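Heads up: the protein sequence lines correspond to chains C and G, in order. -7 is the number of the first residue of the first sequence in our numbering; add one for each residue after it. 22 is the number of the first residue of the second sequence in our numbering; add one for each residue after it. See below for the structure under consideration.
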Amino acid sequence: MAITVHLPSVLAAHAGGARSIEASGRTLGEAVADVAARFPALGPRLQDKDGKPYPFVVFYVNDEDVRFRGGFAAPVQDGDEVTVIPAIAGG
Amino acid sequence: MAVPTNTPGVTLAAPPARSVPLAARPLACRNCGAEHAPAPVSICDQCLGPLDPVLDPARPLPDRRTIAARAQSLWRYREWLPFDGDPVHSLECGFTPLLEVPRLASRLGVARAWVKNDTVSHPSLSFKDRVVSCAINAAAAFGLDTIGCASTGNLANAVAAHAARAGLAAWVFIPEDLEAGKVIGTSVYGPKLVRIRGTYDDVNRLCAQVADRFGWGIVNVNLRGYYGEGSKTLAYEVAEQLGWRLPTAVVAPMAGGSLVTKLRKGFAEFLDAGLVHGAAPRLYGAQGSGCAPIVRLLERGGHELEPEIPHTIARSLAIGNPADGVFAARAMRESGGWGAHVSDAEIVEGIRILAEDTGVFGETAGGVTVSAALALSRAGKLRPDDEVVLCITGHGLKTLEALSGALPESPVIAPRLREVAALVERAGAAAPTR
Chain C
-7 MAITVHLPSV
3 LAAHAGGARS
13 IEASGRTLGE
23 AVADVAARFP
33 ALGPRLQDKD
43 GKPYPFVVFY
53 VNDEDVRFRG
63 GFAAPVQDGD
73 EVTVIPAIAG
83 G
Chain G
22 MAVPTNTPGV
32 TLAAPPARSV
42 PLAARPLACR
52 NCGAEHAPAP
62 VSICDQCLGP
72 LDPVLDPARP
82 LPDRRTIAAR
92 AQSLWRYREW
102 LPFDGDPVHS
112 LECGFTPLLE
122 VPRLASRLGV
132 ARAWVKNDTV
142 SHPSLSFKDR
152 VVSCAINAAA
162 AFGLDTIGCA
172 STGNLANAVA
182 AHAARAGLAA
192 WVFIPEDLEA
202 GKVIGTSVYG
212 PKLVRIRGTY
222 DDVNRLCAQV
232 ADRFGWGIVN
242 VNLRGYYGEG
252 SKTLAYEVAE
262 QLGWRLPTAV
272 VAPMAGGSLV
282 TKLRKGFAEF
292 LDAGLVHGAA
302 PRLYGAQGSG
312 CAPIVRLLER
322 GGHELEPEIP
332 HTIARSLAIG
342 NPADGVFAAR
352 AMRESGGWGA
362 HVSDAEIVEG
372 IRILAEDTGV
382 FGETAGGVTV
392 SAALALSRAG
402 KLRPDDEVVL
412 CITGHGLKTL
422 EALSGALPES
432 PVIAPRLREV
442 AALVERAGAA
452 APTR
């Protein structure tokens, strides 16, 4: 069982229209790097050129904001659900 | 103008001027500048930055007299709102009182002070009527028949009320433990009200997914670009109500941080239009200490916001992951202003000071604003020659729980004059006699 990454529709277009894609890695950063390698158009929208997250994009692992769990260093495992949410909402 | 008819002595009122169909303005990314056609989207598909409406730079602008002659609603500033044509919903909102408050000015140690009193905003008693007025017209422009929101309470009230008036369906998502006034003040309008087990930030994340899945107009998610522009009207009204001039400082509460950024934009637009002159006001943001990620970013420096888990009685400001936090911090810094956060006890004290000094009953966010203004004054950020506007953004009847146990208990007596006389004597006042 792999990690599942759920994309918002604004990003799905950069992944061939897929709203959910599978990834592998021991940390969120590794999982994002795996996705970025397989979907070149999507990669630069998930992480900057140094492999860091953007302030406008928030990642949730099993509905928990990863910024409370170490960001891209947060550990992930098979079966985890990663959700990508553009940060500009609410308030 | 009267229109003659074939019947002698009978005239009809002239038909109203032909209305121009409502259309939403195009959008542009605040981050990378990419242009987007008008749509219910708020995220740039190139860089995921926020989208803002773009006004037509060639549009004719009204002068002071033209604006002053218009109906007293926020639509009197329609040339700065993100639409072409005529609005179709929420036509009666805005233009709340600006009250001069000399005793509060004295307490703050400033030359003059005013309360921008959005506690009496129509119809839902908070400044969220401004943003929803814009969002619901955007929904109409896009042909959406359902609107919704993620809310800490005031926005829930506003979305439900405006949707009811317009005859639209509404889905409103709130944290499960909001104040009773916020819950009842939403459900009374008949929306689908959904209480979420979690914080506002959990609700907000869920609504981003809801907007993506169901295609509704979630006002502070996919209609956010249009929604946010409504907050600018608070700045326009302050300028006009001061006699077409600007205060030197404005203190506003911060939740998502949008209001501060839109105040700055609104004042700048009126300066650009030549409607007012001089320096733009210094902007000061206020938060509760139990959820102050924007003020802490300001104090820490840099551009990276650290989200917080909220623990504050100012529930309407309890956003630990504020969408516009970075932009709000920038607006405060660049305007020459600053921020302050205050404890729960100070929030309650601020509500009482506001009420006793000005006759305005603000919700917890109002207490935050007043106590933060006092803290800023003590820190020397507000100066003796300042003319300060405090934005009081919601009515105190919505958050009665905050005052539980904080006010003196009222005596209960028999309906006898001598018992009143005893109370008067105890109060130390001379009993008037006849």
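All C-beta atoms, glycine included, are put in the ideal place defined by N, C-alpha and C. Keep in mind that this is a model prediction, so the values were computed, not measured.
Taken in chain order, the unbroken stretches of alpha helix (DSSP H) that lie wholly in the region 320 to 390 of chain G and span 4 residues or more are 346 to 356, 365 to 379.
G:G174 sits away from G:E197, with the two beta carbons spaced by 8 Å or more. Note on the region 123 to 197 of chain G: whole alpha helix (DSSP H) runs with a minimum of 4 residues are 123 to 129, 149 to 162, 175 to 187, in chain order. The straight-line gap separating the alpha-carbon atoms of G:K137 and C:R37 is approximately 41 Å. Interface with chain G (8 Å Cβ-Cβ cutoff): C:V49 is included. The alpha-carbon of G:S392 is positioned some 29 Å away from that of G:F291. Here DSSP, grouped into helix, strand and coil, assigns G:K286 to helix. Each residue's CA atom was taken as its position, placing G:W96 and C:V27 some 47 Å apart.
Contact check for G:L244 and G:A156: beta-carbon distance about 5 Å, within the 8 Å limit, so the pair qualifies. Taking 8 Å as the Cβ-Cβ cut-off, the region 329 to 353 of chain G approaches chain C at I330, I340, N342, P343, A344, D345, V347, given in chain order. When G:D222, G:L102, G:V75 are compared, the shortest CA-CA separation from G:G54 is found for G:V75.
Rounded to whole angstroms, the separation of the alpha carbons of G:H143 and G:D150 is 7 Å. Here G:Q308 is buried: its Cβ has 16 or more other Cβ atoms, across all protein chains shown, within 10 Å. Under the Cβ distance rule, C:A66 does not count among the residues neighbouring chain G, no pair being separated by less than 8 Å. In this structure, DSSP gives G:H57 an extended state, which the three-state scheme calls strand. Not a single CB atom of chain G sits nearer than 8 Å to the CB of C:V58. Taking 9 Å as the cut-off between beta carbons, the residues of the region 216 to 227 of chain G near chain C are G219, Y221, D222, D223, V224, N225, R226, L227, in sequence order.
At a cut-off of 8 Å, the C-beta of C:P32 has no neighbouring C-beta in chain G. A Cβ-Cβ separation of about 15 Å leaves C:V24 out of contact with C:S12 under the 8 Å criterion. Looking at the DSSP output, C:Q69 bridges to nothing. With the criterion set as a beta carbon lying under 9 Å from some beta carbon of chain C, the members of the region 65 to 93 of chain G are C65, D66, Q67, C68, L69, G70, P71, L72, in sequence order. Counting the other Cβ atoms within 10 Å of the Cβ of G:K402 gives 16 or more, which makes it buried.
For G:E258, the closest alpha carbon among the candidates G:W135, G:L421, G:G417 is that of G:W135.
Interface residue (Cβ-Cβ distance to chain C less than 8 Å): G:D407 is not classified as such. In the three-state reduction of the DSSP assignment, G:E408 falls in the strand class, which pools E and B. With a beta-carbon spacing of about 5 Å, G:G246 and G:S63 fall inside the 8 Å limit used to define contacts. The C-beta of G:F382 has 16 or more other C-beta atoms within 10 Å across all chains shown, which makes the residue buried. Taking 8 Å as the threshold, the shortest C-beta distance from G:A159 to chain C does not fall below it. Cβ-Cβ distances below 6 Å link G:L176 to K149, C170 in the same chain, with the five nearest sequence neighbours on each side left out; the list follows chain order. Taking the Cα of G:M353 as reference, the smallest distance to any Cα among G:P302, G:G387, G:I334 is reached at G:P302.
Neighbours of G:L326 in chain C, taken as residues at a C-beta separation under 8 Å, are given in chain order as P47. In its chain, beyond the 5 residues on either side, F116 have a beta carbon closer than 6 Å to the beta carbon of G:Q93.
Secondary-structure assignment with DSSP links C:I77 through a beta bridge to C:V50.
G:V316 is a Cβ neighbour of G:H362, given a cutoff of 8 Å.
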